[in-house]
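To start, the structure itself, in structure tokens.
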Amino acid sequence: MPDLLTIAGKTFSSRLMVGTGKYASPSVMVKAHEASGAEMITVAVRRVNISDRSKESLLDYIDTTKYFLLPNTAGCYTAEEAIRTAHLGREAGLSNWVKLEVIGDERTLFPDNAALIEATRLLVRDGFVVLPYTSDDPVVCRKLEDAGAAAVMPLGAPIGSGLGIQNVNNMRIIREFSRVPLIVDAGVGTASDASLAMELGADGVLMNTAIAGAQDPVAMAEAMKLAVRAGRLAYLAGRIPRKAYATASSPLEGLVGR
Amino acid sequence: MTITLNGDPYEVGGPLSITELLTKLEIDARRVAIEHNLVVLRRTMFPDTVVRDGDRIEIVNFVGGG
Numbered sequence: 001m002p003d004l005l006t007i008a009g010k011t012f013s014s015r016l017m018v019g020t021g022k023y024a025s026p027s028v029m030v031k032a033h034e035a036s037g038a039e040m041i042t043v044a045v046r047r048v049n050i051s052d053r054s055k056e057s058l059l060d061y062i063d064t065t066k067y068f069l070l071p072n073t074a075g076c077y078t079a080e081e082a083i084r085t086a087h088l089g090r091e092a093g094l095s096n097w098v099k100l101e102v103i104g105d106e107r108t109l110f111p112d113n114a115a116l117i118e119a120t121r122l123l124v125r126d127g128f129v130v131l132p133y134t135s136d137d138p139v140v141c142r143k144l145e146d147a148g149a150a151a152v153m154p155l156g157a158p159i160g161s162g163l164g165i166q167n168v169n170n171m172r173i174i175r176e177f178s179r180v181p182l183i184v185d186a187g188v189g190t191a192s193d194a195s196l197a198m199e200l201g202a203d204g205v206l207m208n209t210a211i212a213g214a215q216d217p218v219a220m221a222e223a224m225k226l227a228v229r230a231g232r233l234a235y236l237a238g239r240i241p242r243k244a245y246a247t248a249s250s251p252l253e254g255l256v257g258r
Numbered sequence: 259m260t261i262t263l264n265g266d267p268y269e270v271g272g273p274l275s276i277t278e279l280l281t282k283l284e285i286d287a288r289r290v291a292i293e294h295n296l297v298v299l300r301r302t303m304f305p306d307t308v309v310r311d312g313d314r315i316e317i318v319n320f321v322g323g324g
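Chains as they are written, first to last, in the working numbering: chain A, 1 to 258; chain B, 259 to 324.
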């Protein structure tokens, strides 16, 4: 039986979601997306450069029949800005899904959770499928869920930091509390971070810098695909309990010379 | 007349539709979203929405992001 991820009634066979930012070139991005096996791809909403129309559009490089676009509200510092950007993203992409970000601090890019919850409530009312980027706080995640979020997306560590999951216990508690899909968004640095997220029971992992910023983004994208799959399988398989002392794997009987 | 286009003053001859403005700017209407005086427009409204002196227009598209 295929192990599908379902968010707001839409199913995905890949549990890895990837971004489109910071790639050295569009062709590297295209190859990395391919290697990642991801089906959902995040994009940002920005003003068109009126004076210089020579630049190609991002959409020239994304096959939208193959990838599902998730517009974000990155860079928004108030609920109002985020809601405005979400509406623009909906018109540009013709889907009602949004990765909702309401940033509270410029240096850490940590979310403003009060504004995030409020924006979630209002966008859900406007018919959006809201996937909020949030702190790794179980209470905030529960409030987002109550506000109608289709998934909760706690950060593992600050965006682009590559530190991996900093608060493993919180992530475990969020898993236990959540009735909506849990996507670990931000902070992944390497494959083991993605595996750990999945082993803790996350339904998916969203990342950008970990792939785009790697020395070989295409190879890292494949590593992340395998890591997410491995972590998922390990979670489903059920790990052994941790013990302080050894338990022999080989029989204790029949030893030679005893 | 002068409009505010993506935050900057922009001169156009006279009132025109959003579709005409996009044509003038050589922008593919299928790739952008537009806000007209803080109201996000449905794509189907582009031909019938008239831009007048002093209007504020935002034209956005998708760029790389995480």
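C-beta: ideal position from N, C-alpha, C; glycine also.
For clarity, every value in this text was computed on a predicted model and none was experimentally measured.
Range covered by the alpha helix (DSSP H) that runs through residue i
i: residue 5 of chain A; result: That residue, residue 5 of chain A, is in no alpha helix (DSSP H); its beta strand (DSSP E) goes 5-7.
i: residue 296 of chain A; result: What the structure shows of chain A is the stretch from 1 to 258, and residue 296 of chain A is not part of that stretch, so it cannot be assessed.
i: residue 139 of chain A; result: 138-146
i: residue 196 of chain A; result: 191-199
i: residue 209 of chain A; result: 209-212
N- and C-terminal bounds of the beta strand (DSSP E) containing residue i
i: residue 267 of chain B; result: 266-269
i: residue 50 of chain A; result: Where residue 50 of chain A is concerned, there is no enclosing beta strand (DSSP E), given that its DSSP letter is neither H nor E.
i: residue 262 of chain B; result: 260-263
i: residue 217 of chain A; result: Taken as a continuous stretch (DSSP letters only), residue 217 of chain A belongs to no beta strand (DSSP E), being part of the alpha helix (DSSP H) at 217-237.
i: residue 117 of chain A; result: Where residue 117 of chain A is concerned, there is no enclosing beta strand (DSSP E), although the alpha helix (DSSP H) it sits in stretches over 113-125.
i: residue 131 of chain A; result: 129-134
i: residue 185 of chain A; result: 183-185
i: residue 22 of chain A; result: Residue 22 of chain A -> no beta strand (DSSP E), and no H or E assigned at all.
i: residue 10 of chain A; result: 10-12
Heavy atom of the ligand GTP within 7 Å of residue i beta-carbon
i: residue 150 of chain A; result: Of ligands this structure carries none, so the ligand GTP is not represented either.
Beta-carbon proximity check, residue i vs residue j, cutoff 8 Å
i: residue 133 of chain A; j: residue 88 of chain A; result: no
i: residue 261 of chain B; j: residue 312 of chain B; result: yes
i: residue 310 of chain B; j: residue 267 of chain B; result: no
i: residue 152 of chain A; j: residue 194 of chain A; result: no
i: residue 252 of chain B; j: residue 277 of chain B; result: Residue 252 of chain B is absent from the structure shown; chain B starts at 259 and stops at 324.
i: residue 48 of chain A; j: residue 270 of chain B; result: no
i: residue 147 of chain A; j: residue 120 of chain A; result: yes
i: residue 69 of chain A; j: residue 43 of chain A; result: yes
i: residue 12 of chain A; j: residue 40 of chain A; result: yes
i: residue 275 of chain B; j: residue 307 of chain B; result: yes
Residues near residue i by beta carbon distance below 7 Å, same chain, minus five either side
i: residue 200 of chain A; result: 168, 171, 172, 175
i: residue 320 of chain B; result: none
i: residue 38 of chain A; result: 14, 16, 17, 18
Local Cβ density within 10 Å of residue i, reported as buried at 16 or more and exposed below that
i: residue 23 of chain A; result: buried
i: residue 243 of chain A; result: exposed
i: residue 160 of chain A; result: buried
i: residue 225 of chain A; result: buried
i: residue 21 of chain A; result: buried
i: residue 257 of chain A; result: exposed
Same chain, Cβ closer than 6 Å to residue i, neighbours up to 5 away in sequence not counted
i: residue 118 of chain A; result: 79
i: residue 207 of chain A; result: 188
8 Å CB neighbourhood of residue i in its chain, flanking five on each side removed
i: residue 2 of chain A; result: 13
Closer than 9 Å at the beta carbon, the chain D residues around residue i
i: residue 320 of chain B; result: In the structure shown, chain D does not exist; the protein chains are A and B.
| said: Suppose only complete runs of 3+ residues qualify. What are the beta strand (DSSP E) ranges in the segment 276-321 of chain B, listed by chain order? | reply: 291-294
| said: So within the segment 24-111 of chain A, which uninterrupted alpha helix (DSSP H) runs reach at least 4 residues, ignoring any that extend past its ends? | reply: 26-36, 79-93
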